[in-house]
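First up is the structure itself, then whatever we jot down about it.
The following block contains the structure:
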C-alpha cells in the first residue's frame, strides 16, 4: 500500500478498551472519520454511513489516498439525496482496515505492527467502535444509519445491537448472514494472499507486500460484484487493443485486461492483512446466530426503528431472497419496514453506480 | 503432479503433424486413450466421449492415477446408460492435458518439456487430434459423440467441423461460447498460477511445481461448479470439527475445509501449465465466431445429425439460456434436436453426479 502513512487522517482515540466478540480487548483504538455538513445545535441531524469491505471514510469530496472523488459522491453532498445542507454526515473507517483506524498494519503494544497478532474482529465489533466514536463526538442519537454491502451488515448489526442509537436504518444490497458461497469466495481470496510468499505469515511490513496474492483475491471478488449481464454488456468477448486473438497468454480480452487492472490498482491502496481480517468478519456475520438462532429476535429491540431495505435484481452476491429474510424477520416483530427490489444492470456494485431509482429511495427515506 | 510419469498410458502417436488454429503445427502428437466394450465387426458401435477441463480418459473402471473410480462410472459400463455390452466406448485425453497426451509437460523437439513453448490450442484442435486418433484406430463413423462441460464444447465443435464423423451428438451442461464472466473466472485462475513464484514462467519441471497457485485456481473454479443451493445444503455455515468459531484463520467452516482439500488434492494430479492451456482453449471457444459470426452457420453441415442437448436449472456456469442459443441455431438449420433442462441441485457438476433423469436421457438418446 502506497503513501497512506503520509496522510494525516482525521481521527480520535477511544478512551476505554474495546471489548470484542472474541473475548479479547483492544486498547487505544483509533477511529479515523470524516464529516460532511454541520451538526445541528440539537445534535439531531447526524447520519452515520457505514462503508463496504474495501471502502473508507471518504464518502464525498476528494479521497486523499486515491485522488479520486469519494465513493458515494453521487449520493452525499449539498442538495444530493443525503443532503449535507441539512444533515451532518459521518463516516468512519472500520477497525481492521488500513485508512487511519486501528487494524493489523497499526502499531501494537510492542510498537511494531500487529500483523496477525491483531484480534479477529466481527461486524458487531466494527459497529461497537463506531458507537464509541459517537460517544466521543457527543452524538447520542442518529437520524439514520446507512450502508451498502458490508456497510449494510453494519447497519443491520447497529439496529440489532444498538437500536436506541438510531431512528432510521437504510440497508442496501446486503444480507443478515454470509452464505456458504459467500464464505467460499472469501476463503479463496484469503488463500491467494496467504499463498503469496511475500505474505510471510503476515509479517511483511517494511518489506515487499503480498501484492500478487492480494491482486488475485481482488480479481475474484470483483467478478462477484458484477452481474453476468453487466460483464457481457461492458466487455462481451471484445478484444483488447488488437484485431485478432494472440494465441498467447496476454490479456486478449477486454475483461482480462480490466480484471488485471482492478487487481493491481487495488494493491496500491489496501493492506493485505486488512483484507484477511475484514473478509473474516464478514464470513462470521450471522445476525440470527448472534441472537439465539432466530433472526426476528435480533430485531426485538428495534420495533420503533424505521427500516428501509433495498436489493438489486442482478445482485447475485447478496440476493433479493437474502434481503427478504430480513424483511420477514422485521415483519415478525412488527417493525416499520419498506422494502424494494430495484432493477439495475450492474449486479452487486449497483449501490455505488448510476441508479437514479436508488437516489430517490434514499432521498425519500432519509427525509 | 505425482506419479503420472510412472504410469504406462495406453496411447498412439499420430502419423502426420497436427495443423492448429493458431497456424502452428504440432508434430509427433501422442494421444492417450481408453476403450470400453468391444468394437463391432462393422465398426458401427463406437461412442466417443469427450472429457471436461480437468478430466481424463478414465471414464470407467479404476483410474490408475487417483486409484478412484472413473469419472463417469455411473454412466458407462455393462448395462449402464452408455452400455459397454453394446457399445465400444472411446475416451481420449485432450491434447494440452497431462495424462498421456501431448501437452506442455511433454518433451518438445529439444527433448525438454515444452512448457510455455507449447502452442496455444483450441477446442477445435482438441477435436482434430481425436479425429486423427479415430483414423488411426480405423473408425470412420461414430454412433455418437458425448460430452459434458468442455466435453460438450468438443461435441458441438465436432458436429460443426466434422459432421460426417458422427450420427449423434449429445452435449450436456455446456455452451457454444465462453462469456465474459466465464473468461473472467479463468483469467483469475491463470493469474493465481502465474503469481506463484514456483511457476517460473512455466519452466518448473524438475523443480517445485506452482502448487499453491494451482490450488487457488482450482478453488475458484470449484465454486463455479456448484450451485449456491448445493453449497448451502452441503455445508451451510456448519463448522468443521469444532463447537464454536476459532476467531482465527483456520478453516472454521466446513466449506473452507472442503475448498482447501479440493485445491490441494488437485495439485497432485494435474499440471499447472496444462491448466493454463486448457482454460485458454475454453476462453477462445466461440463456435459462431469460427463460422462467420452466425451460430446457425456452424451447423449447416450437420443437418442430418441427431442432437440431444441437456442443461441443468442450477448450473450458473453454462446456463439453460446459453444452451437455448444452441437449440435456436440447430432449429435454424432444421437439424433434429431434442433439448431438456433437468432439475438437479448440484449446479454445473450435476452432469457428473447422481441425477437419474440424466441417465434416462442419455440411455434413450444413445439407444
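Chains as they are written, first to last, in the UniProt record's numbering: chain A, 1 to 367; chain B, 1 to 367. Note that the Cβ used here is the ideal one computed from N, Cα and C, for glycine as well. Quick caveat: nothing in here was measured; it's all calculated off a predicted structure.
Show which residues of chain A have a CB atom less than 7 Å away from the CB atom of residue i.
{"i": "residue 284 (chain B)", "result": "245"}
{"i": "residue 228 (chain B)", "result": "179, 181"}
Which partner residues does residue i have in the DSSP bridge list?
{"i": "residue 168 (chain B)", "result": "B:306"}
{"i": "residue 88 (chain A)", "result": "A:46"}
{"i": "residue 82 (chain B)", "result": "B:76"}
{"i": "residue 351 (chain B)", "result": "Paired residues: none, contrary to the question."}
{"i": "residue 146 (chain B)", "result": "B:49, B:170"}
{"i": "residue 286 (chain A)", "result": "A:177"}
{"i": "residue 239 (chain B)", "result": "B:253"}
{"i": "residue 312 (chain B)", "result": "B:342"}
{"i": "residue 195 (chain A)", "result": "Paired residues: none, contrary to the question."}
{"i": "residue 26 (chain B)", "result": "B:18"}
{"i": "residue 69 (chain A)", "result": "A:62"}
{"i": "residue 107 (chain B)", "result": "B:113"}
Check whether the Cβ of residue i lies closer than 8 Å to any Cβ atom in chain A.
{"i": "residue 239 (chain B)", "result": "no"}
{"i": "residue 1 (chain B)", "result": "For residue 1 (chain B), the pLDDT reaches just 43, beneath the cut-off of 50, and the residue's location in the model is therefore unreliable, although a value from the coordinates is still provided. Residue 1 (chain B) does not count as touching chain A."}
{"i": "residue 18 (chain B)", "result": "no"}
{"i": "residue 118 (chain B)", "result": "no"}
{"i": "residue 38 (chain B)", "result": "no"}
{"i": "residue 11 (chain B)", "result": "no"}
{"i": "residue 235 (chain B)", "result": "yes"}
{"i": "residue 372 (chain B)", "result": "Outside the modelled stretch of chain B, which goes from 1 to 367, sits residue 372 (chain B), for which no answer is possible."}
{"i": "residue 280 (chain B)", "result": "yes"}
{"i": "residue 201 (chain B)", "result": "no"}
Beta carbon of residue i, beta carbon of residue j: below 8 Å?
{"i": "residue 65 (chain A)", "j": "residue 269 (chain A)", "result": "yes"}
{"i": "residue 117 (chain A)", "j": "residue 108 (chain A)", "result": "yes"}
{"i": "residue 226 (chain A)", "j": "residue 346 (chain A)", "result": "yes"}
{"i": "residue 342 (chain B)", "j": "residue 307 (chain B)", "result": "no"}
{"i": "residue 264 (chain B)", "j": "residue 215 (chain B)", "result": "yes"}
{"i": "residue 332 (chain A)", "j": "residue 303 (chain A)", "result": "no"}
{"i": "residue 48 (chain B)", "j": "residue 145 (chain B)", "result": "yes"}
{"i": "residue 283 (chain A)", "j": "residue 123 (chain A)", "result": "no"}
{"i": "residue 220 (chain B)", "j": "residue 188 (chain B)", "result": "yes"}
{"i": "residue 149 (chain A)", "j": "residue 318 (chain A)", "result": "yes"}
{"i": "residue 180 (chain B)", "j": "residue 198 (chain B)", "result": "no"}
{"i": "residue 279 (chain B)", "j": "residue 190 (chain B)", "result": "yes"}
At a Cβ threshold of 8 Å, is residue i touching chain B?
{"i": "residue 196 (chain A)", "result": "yes"}
{"i": "residue 188 (chain A)", "result": "yes"}
{"i": "residue 317 (chain A)", "result": "no"}
{"i": "residue 253 (chain A)", "result": "yes"}
{"i": "residue 348 (chain A)", "result": "no"}
{"i": "residue 231 (chain A)", "result": "yes"}
{"i": "residue 353 (chain A)", "result": "no"}
{"i": "residue 223 (chain A)", "result": "yes"}
{"i": "residue 213 (chain A)", "result": "yes"}
Taking the continuous alpha helix (DSSP H) assigned at residue i, which residues delimit it?
{"i": "residue 206 (chain A)", "result": "It is not in any alpha helix (DSSP H) - residue 206 (chain A) carries neither H nor E in the DSSP assignment."}
{"i": "residue 151 (chain A)", "result": "150-161"}
{"i": "residue 362 (chain B)", "result": "356-366"}
{"i": "residue 120 (chain B)", "result": "Neither: residue 120 (chain B) is in no alpha helix (DSSP H) and is coded neither H nor E."}
{"i": "residue 218 (chain B)", "result": "211-225"}
{"i": "residue 320 (chain B)", "result": "320-332"}
{"i": "residue 317 (chain A)", "result": "Premise fails: residue 317 (chain A) is in no alpha helix (DSSP H) and is neither H nor E."}
Is any beta-carbon of chain C found at less than 8 Å from that of residue i?
{"i": "residue 157 (chain B)", "result": "No chain C appears in the structure shown, which is made up of the protein chains A and B."}
Using the beta-carbon of each residue, which ones in chain B are nearer than 7 Å to residue i?
{"i": "residue 219 (chain A)", "result": "188, 191"}
{"i": "residue 276 (chain A)", "result": "249"}
{"i": "residue 22 (chain A)", "result": "247"}
Identify the contact partners of residue i in chain A, using a Cβ-Cβ distance below 8 Å as the criterion.
{"i": "residue 86 (chain B)", "result": "Correct list: empty, because the minimum Cβ distance to chain A is about 41 Å."}
{"i": "residue 141 (chain B)", "result": "By Cβ distance, chain A contributes nothing, its closest Cβ being about 32 Å from residue 141 (chain B), past 8 Å."}
Under 9 Å between beta-carbons, which chain A residues line up against residue i? List them in chain order, please.
{"i": "residue 166 (chain B)", "result": "Neighbours of residue 166 (chain B) on chain A: none; closest Cβ ~27 Å, over 9 Å."}
Interface residues of chain B around residue i at Cβ under 8 Å?
{"i": "residue 256 (chain A)", "result": "183, 184, 187"}
{"i": "residue 216 (chain A)", "result": "188, 191, 192, 195, 216"}
Check for me: the beta strand (DSSP E) holding residue i runs from which residue to which?
{"i": "residue 341 (chain A)", "result": "337-342"}
{"i": "residue 31 (chain A)", "result": "30-36"}
{"i": "residue 12 (chain B)", "result": "11-13"}
Name the chain B residues that come within less than 9 Å of residue i, Cβ to Cβ?
{"i": "residue 260 (chain A)", "result": "187, 191"}
{"i": "residue 263 (chain A)", "result": "188, 191"}
Using a threshold of 7 Å, is the CB atom of residue i nearer than that to any non-hydrogen atom of the ligand NAP?
{"i": "residue 224 (chain A)", "result": "As presented, the structure is devoid of all ligands, the ligand NAP included, so that no description of it is given."}
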